[in-house]
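Visitor: After the structure tokens below, expect a handful of questions from me.
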Amino acid sequence: MLRIAFTLLLAAAATTAHAAIATTGVAFVHGTGSQTDAYNDYWQPTMVNTVRQGLVNQANYVVINCDFNQYMWDSRAAGCLAGQLTNFINSRGITDLVVITHSNGGNVMRWIMSNPTYDSRYPAIISKIRWVNALAPSSAGTPLANAVIAGNVFENAVGWLLGYQTDAVRQQQTSWMAYYNQNYLYGTSGRPALPKGFWDVIGSDVETAVWDPDSYCGGYTLNVGLEVTQAWLSSCSDGFIECSSAAAAGRVWFYDTARTAGSEPLSHNQSRRACFGLETILRNDL
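Residue numbers (mature numbering (1 follows the signal peptide of the UniProt record, and there is no 0)): -19 to -1, 1 to 267.
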């Protein structure tokens, strides 16, 4: 209901006599890792191209490529994101920006929104944001990061997912994220609200039945890996992020099965891909 109320308020504002005609754009912000071609390697074309169909001008999109192996505030992470968003906003005349993040990308975006005085570019970015759609955000960290940093054998099982002992993985340890949430980030319980909406899409399970075509969406091998890692997490998880972590900041938009085609769950891998109608939901949100 809150999401609907925000949408109605935006619609009402757009019809006022003095309202400027908005130029809407969408930005895709990847998760942990260093990306140079996130369009093909991280999101894949079907996801990006379906979502941008919801724009009046379908050219008003940007796919971010940054080094999110770093701490969220690092110049190669938040600094890079701020630079690419600023260039996009200025070059396309964007006045209404929807940001779609995945996983740790939500933390980097939340850093920018929580610390407007940290970088002179942040306030202008924040002022243009309509809201952030955070797909499977690791807002409270993940026990998998704890295991990787502990250096146990589990590290080998999640290296493909998290990378190895990088600063971004250290950051996503549950105790570290609790500290950052309490001291540097907005949007979690007991902390100030974020200046713009941060709406969580939560994946609740991993399915890898070899006879089920749905298990192959996003890559069957990757989903099998997530089913292995799910054994380390609570019963409600997407194989990487527990539902409680994904819901820790901002507000829940929806749990996967409430909106997806066939009420299919979204694994952590599937929540960045065109699986079960997620791409259409995001398109219609623009």
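For every residue, glycine included, the Cβ atom is placed at its ideal position computed from N, Cα and C.
For residue 85, is the classification buried or exposed, using 16 other Cβ atoms within 10 angstroms of its Cβ as the cut-off for buried?
Guide: With 16 or more Cβ atoms within 10 Å of its Cβ, residue 85 is classed as buried.
Visitor: For the segment 35 to 113, which segments carrying the alpha helix (DSSP H) assignment without a break, of at least 4 residues, lie completely within its bounds, in sequence order?
Guide: Complete alpha helix (DSSP H) runs here, min 4: 61 to 73, 86 to 95, 103 to 109.
Visitor: Name the DSSP bridge partner or partners of residue 178?
Guide: Answer is 112.
Visitor: Would you mind working out which of 5, 234, 27, 227 sits nearest residue 119, comparing C-alpha positions?
Guide: Residue 119 has its Cα closest to that of 227, out of 5, 234, 27, 227.
Visitor: Can we count residue 106 as close to the ligand NAD, meaning its CB is less than 6 Å from some heavy atom?
Guide: Absence of the ligand NAD is noted for the structure shown, with no ligands found whatsoever.
Visitor: By the three-class DSSP mapping on this structure, what secondary structure does residue 5 have?
Guide: Three-state DSSP puts residue 5 in a strand.
Visitor: Considering just the uninterrupted stretch of the beta strand (DSSP E) at residue 232, what are its terminal residues?
Guide: Note, residue 232: beta strand (DSSP E), 232 to 236.
Visitor: Among 78, 232, 34, whose alpha-carbon lies nearest the alpha-carbon of residue 169?
Guide: For residue 169, the nearest C-alpha among the options comes from 232.
Visitor: Could you compute how far the alpha carbon of residue 79 sits from the alpha carbon of residue 234?
Guide: Answer to the nearest angstrom: the Cα atoms are 14 Å apart.
Visitor: Taking the alpha-carbon of residue 153 as reference, which of 97, 89, 74, 42 has the nearest alpha-carbon?
Guide: Of the listed residues, the one whose Cα sits closest to residue 153 is 89.
Visitor: Can you tell me which of the three DSSP states residue 255 falls into?
Guide: Coil at residue 255, not helix or strand.
Visitor: What's the gap between the Cα of residue 159 and the Cα of residue 9?
Guide: Taking the straight line from one Cα to the other gives about 26 Å.
Visitor: Report all residues from its chain with a CB closer than 6 Å to the CB of residue 116; omit the five preceding and five following residues, and keep chain order.
Guide: Here the set comprises 83, 182, 252.
Visitor: Return the chain-ordered list of same chain residues with a C-beta closer than 7 Å to the C-beta of residue 242, the five sequence neighbours on each side being excluded.
Guide: Answer for residue 242: 257, 258, listed in chain order.
Visitor: Restricting to Cα atoms, I'd like to know which of 7, 55, 186, 37 is closest to residue 250.
Guide: The residue with the shortest Cα to Cα distance from residue 250 is 186.
Visitor: Is the beta carbon of residue 19 sitting closer than 7 Å to the one on residue 50?
Guide: Not in contact: residue 19 and residue 50 (Cβ atoms no closer than 7 Å).
Visitor: Could you check if residue 171 is buried or exposed, using at least 16 other CB atoms within 10 Å of its CB as the buried criterion?
Guide: The residue is exposed, with fewer than 16 neighbouring Cβ atoms inside 10 Å.
Visitor: Once DSSP output is grouped into helix, strand and coil, what is the label at residue 222?
Guide: Looking at residue 222 - three-state DSSP - the assignment turns out to be coil, as it is neither helix nor strand.
Visitor: Do you know how far the Cα of residue 12 is from the Cα of residue 22?
Guide: Straight-line Cα distance between these residues: approximately 12 Å.
Visitor: Pull up the distance between the alpha-carbon of residue 95 and that of residue 106, whole angstroms please.
Guide: Going from the Cα of residue 95 to the Cα of residue 106 covers about 12 Å.
Visitor: Using only the alpha-carbon positions, how far apart do residue 201 and residue 150 sit?
Guide: So the alpha carbons of these two residues sit roughly 24 Å apart.
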